[in-house]
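There are 2 protein chains.
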Amino acid sequence: MQMKFRREVNQDDIDHVSEILESTGFFYHSEVEIARELAQENIEKGEEKSGYIFNIAEIENMPVGFTTYGKIPGTADSFDLYWIAVHKSHQGKGLGKILMAMAIEHIKMMGGRNIWIETSSRPIYEPTRQFYLKSGCELIAVLPDYYGEKDHKVIFLKKT
Amino acid sequence: MQMKFRREVNQDDIDHVSEILESTGFFYHSEVEIARELAQENIEKGEEKSGYIFNIAEIENMPVGFTTYGKIPGTADSFDLYWIAVHKSHQGKGLGKILMAMAIEHIKMMGGRNIWIETSSRPIYEPTRQFYLKSGCELIAVLPDYYGEKDHKVIFLKKT
């Protein structure tokens, strides 16, 4: 099995990003749209100017997972991990762990000390939250009813 | 003393926003730039499309304070209060309290239930934090070292 990772984003990746996110069944249409916009900004402005760094995982030349992260403007050394997703048909192979480790390493290399990760408290996200905890992230805060009634924002922190 | 409030933002207000923020001595240059950009977006796209609602307080036809707030995309009924500031030379007249009360009322009218407010833990912001607590905001979370070393992000919530 050939596994590749690349930071270059090309126009075809816009649809790959949608397909990967939609396959998980986790995300609202509006969220998928936002991910597409971030990829588009990366293509148009580059990863530095856009502030959205992508790392795309390919298996047999097919994009099957990705992370998106970037420096938080106005902070000294905080980064946001905006997205981490693996296509439904390629989950359980440790790809998420690899993508997470690569993001942490890259952010550390860039001088980042804090990686902030936000997710929802909805039950569907329980495996996601467990994944972050197992990846060494610390649960820092819960913002009650942030996304909607009984849908809290959960904030994790990974020190690099 | 004539006091007026208006939601219309015009090109002159870009500089008024800077002057008000700079007079307080609280904000970094980069933060003032962001506030200017939000005002510019409001002028270009309107308050609804931009997502940045301004309420500008005038005394004797001179802008002396403002709030900026807006619905948080991807949430059901959460709003961010991005800015609340009163010119140094007009502080202590209760203008901040009035602007805060108006923002809460307007957000409530638009169906908003949660108003999220972020600030820094730096000592210089102690009066700001006291202001939020006195305005009925609840301290919800502290994100350690978010802005920089020993410069935490403090998150308040005001239920409408």
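Protein chains in written order, with our numbering: chain A, 1 to 160; chain B, 1001 to 1160. Quick reminder that beta carbons are idealized off the backbone N, C-alpha and C, glycines included. None of these values were measured; they are calculated from a predicted model.
Top-ranked residue by Cα proximity to residue 123 (chain A), from A:151, A:103, A:20: Locating residue 123 (chain A) in the first sequence gives position 123, where the first residue counts as 1. Its Cα nearest to that of residue 123 (chain A), the residue A:151 stands out among A:151, A:103, A:20.
Does DSSP classify residue 9 (chain A) as helix, strand or coil? Here the question's residue 9 (chain A) lines up with position 9 in the first sequence. Here residue 9 (chain A) sits in coil by DSSP.
In terms of residues, what are the limits of the beta strand (DSSP E) holding residue 1152 (chain B)? Residue numbering aside, residue 1152 (chain B) sits at position 152 when the second sequence is read from its first letter. Note, residue 1152 (chain B): beta strand (DSSP E), 1151–1159.
Roughly how many angstroms separate the alpha carbons of residue 1129 (chain B) and residue 1029 (chain B), rounded to a whole number? What you label residue 1129 (chain B) is simply residue 129 of the second sequence in a count that begins at 1. What you label residue 1029 (chain B) is simply residue 29 of the second sequence in a count that begins at 1. About 21 Å.
What span of residues does the alpha helix (DSSP H) with residue 49 (chain A) cover, start to end? In the first sequence, residue 49 (chain A) corresponds to position 49, counting from 1. Counting along the chain, the alpha helix (DSSP H) containing residue 49 (chain A) begins and ends at 29–50.
Cut-off 8 Å between Cβ atoms - residues of its own chain near residue 111 (chain A), not counting five sequence neighbours on either side: Sequence index remark: in the first sequence, residue 111 (chain A) carries index 111 (1-based). Once the five neighbours on either side are set aside, the close Cβ partners of residue 111 (chain A) are 77.
Could you tell me whether the stretch 23–39 of chain A touches the stretch 84–92 of chain A, using the rule of 3 or more Cβ pairs below 8 Å? yes
Take residue 1125 (chain B) and list the residues in its own chain whose beta-carbon comes closer than 6 Å to its own, dropping the five residues that flank it on each side. As a position in the second sequence, residue 1125 (chain B) is number 125, starting the count at 1. For residue 1125 (chain B), same chain residues with a beta-carbon under 6 Å away, outside a window of 5 residues either side, are 1119 in chain order.
Using a Cβ cut-off of 8 Å (strictly closer), state whether residue 68 (chain A) contacts chain B. By 1-based counting over the first sequence, the position of residue 68 (chain A) is 68. No, residue 68 (chain A) does not count as interfacial toward chain B.
Tell me the DSSP secondary structure of residue 71 (chain A) in three-state form. On the first sequence, position 71 is the one that residue 71 (chain A) refers to. Strand, per DSSP.
In chain order, what residues of the same chain lie with their CB nearer than 7 Å to the CB of residue 13 (chain A), ignoring the 5 residues before and after it? Taking the first sequence and counting its residues from 1, one reaches residue 13 (chain A) at position 13. Correct list, in chain order: 39, 56, 63.
Quick check: what's the CA-CA separation for residue 1140 (chain B) versus residue 18 (chain A)? Residue mapping note: residue 1140 (chain B) aligns to position 140 of the second sequence, counting from 1. Residue mapping note: residue 18 (chain A) aligns to position 18 of the first sequence, counting from 1. Cα-Cα distance, rounded: 34 Å.
Spell out whether any CB of chain B is found under 8 Å from the CB atom of residue 147 (chain A). For the purposes of this step, residue 147 (chain A) is taken as the residue at position 147 of the first sequence. At least one chain B Cβ lies under 8 Å of residue 147 (chain A).
Sequence-distant residues of its chain with Cβ nearer than 8 Å to residue 1050 (chain B) (five each side left out): Here residue 1050 (chain B) refers to the residue found at position 50 of the second sequence. Counting only Cβ-Cβ distances below 8 Å, and skipping sequence neighbours, we find 1038, 1041, 1042, 1044, 1070.
Under the rule that 16 or more other beta-carbon atoms within 10 Å means buried, what is residue 1101 (chain B), buried or exposed? Position 101 of the second sequence, counted from the start, is the residue given in the question as residue 1101 (chain B). The residue in question, residue 1101 (chain B), is exposed, as its Cβ has fewer than 16 Cβ neighbours within 10 Å.
Taking only the alpha-carbon atoms, compute the straight-line gap between residue 157 (chain A) and residue 95 (chain A) and give it to the nearest angstrom. Within the first sequence, the letter at position 157 stands for residue 157 (chain A). Within the first sequence, the letter at position 95 stands for residue 95 (chain A). A straight line joining the alpha-carbon of residue 157 (chain A) with that of residue 95 (chain A) spans about 21 Å.
Less than 8 Å separating the beta-carbons of residue 183 (chain A) and residue 47 (chain A)? Outside the displayed span of chain A (1 to 160) sits residue 183 (chain A), for which this structure offers no information.
Using a threshold of 8 Å, state whether the C-beta atoms of residue 1098 (chain B) and residue 1115 (chain B) are closer than that. By one-based count along the second sequence, residue 1098 (chain B) stands at place 98. By one-based count along the second sequence, residue 1115 (chain B) stands at place 115. Not closer than 8 Å, so no.
Could you tell me which chain B residues have their CB closer than 9 Å to the CB of residue 21 (chain A), listed as they occur along the chain? For the purposes of this step, residue 21 (chain A) is taken as residue 21 along the first sequence, with counting starting at 1. Near residue 21 (chain A) there are no residues of chain B at all, since even the closest Cβ is about 14 Å away, more than 9 Å.
C-beta atoms of residue 60 (chain A) and residue 2 (chain A) nearer than 8 Å: To locate residue 60 (chain A), count along the first sequence from 1; it is residue 60. To locate residue 2 (chain A), count along the first sequence from 1; it is residue 2. Result yes, Cβ atoms of residue 60 (chain A) and residue 2 (chain A) sit closer than 8 Å.
Helix, strand or coil at residue 1105 (chain B) according to DSSP, with G and I counted as helix: Numbered from its first residue, the second sequence carries residue 1105 (chain B) at position 105. Here residue 1105 (chain B) sits in helix by DSSP.
State yes or no: is the C-beta of residue 58 (chain A) within less than 8 Å of the C-beta of residue 93 (chain A)? As a working mapping, residue 58 (chain A) is identified with position 58 in the first sequence. As a working mapping, residue 93 (chain A) is identified with position 93 in the first sequence. Going by C-beta atoms, residue 58 (chain A) is not nearer than 8 Å to residue 93 (chain A).
Cα-Cα, which of B:1073, B:1117, B:1108 is closest to residue 1081 (chain B)? The residue you call residue 1081 (chain B) lines up with position 81 of the second sequence. Residue 1081 (chain B) has its Cα closest to that of B:1117, out of B:1073, B:1117, B:1108.
Since residue 1068 (chain B) contacts residue 1052 (chain B) with CB under 8 Å, what's their CB separation in whole angstroms? Here residue 1068 (chain B) refers to the residue found at position 68 when the second sequence is read from its first residue. Here residue 1052 (chain B) refers to the residue found at position 52 when the second sequence is read from its first residue. About 6 Å separates the two Cβ atoms, so the contact holds.
Contact set between residue 140 (chain A) and chain B, taken where Cβ atoms lie within less than 9 Å: The count along the first sequence starts at 1 and reaches residue 140 (chain A) at position 140. Within chain B, the residues near residue 140 (chain A) are 1141, 1142, 1143, 1144.
From residue 1109 (chain B) to residue 1065 (chain B), what distance separates their C-alpha atoms? For the purposes of this step, residue 1109 (chain B) is identified with residue 109 of the second sequence, where counting begins at 1. For the purposes of this step, residue 1065 (chain B) is identified with residue 65 of the second sequence, where counting begins at 1. Distance between the alpha carbons of residue 1109 (chain B) and residue 1065 (chain B) is about 22 Å.
Using a Cβ cut-off of 9 Å, which residues of the stretch 1075–1095 of chain B contact any Cβ in chain A, in chain order? 1075, 1076, 1077, 1078
Note down, in chain order, each residue of its chain lying with its Cβ closer than 7 Å to the Cβ of residue 1160 (chain B), except the 5 sequence neighbours on either side. By one-based count along the second sequence, residue 1160 (chain B) stands at place 160. Counting only Cβ-Cβ distances below 7 Å, and skipping sequence neighbours, we find 1104, 1107, 1108, 1112, 1113, 1115.
Is the CB of residue 114 (chain A) under 8 Å away from at least one CB in chain B? On the first sequence, position 114 is the one that residue 114 (chain A) refers to. Yes, contact with chain B.
Contacts of residue 1107 (chain B) in chain A (Cβ-Cβ under 7 Å): Position 107 of the second sequence, counting from 1, holds the residue named residue 1107 (chain B). Chain A residues near residue 1107 (chain B): none, gap ~14 Å exceeds 7 Å.
Give, in chain order, every residue of the stretch 1027–1041 of chain B whose Cβ lies closer than 9 Å to some Cβ of chain A. 1028, 1030, 1031, 1034
Whole angstroms is fine: what's the gap from residue 135 (chain A)'s alpha carbon to residue 127 (chain A)'s? Locating residue 135 (chain A) in the first sequence gives position 135, counting from the first residue. Locating residue 127 (chain A) in the first sequence gives position 127, counting from the first residue. Whole-angstrom Cα-Cα distance: 12 Å.
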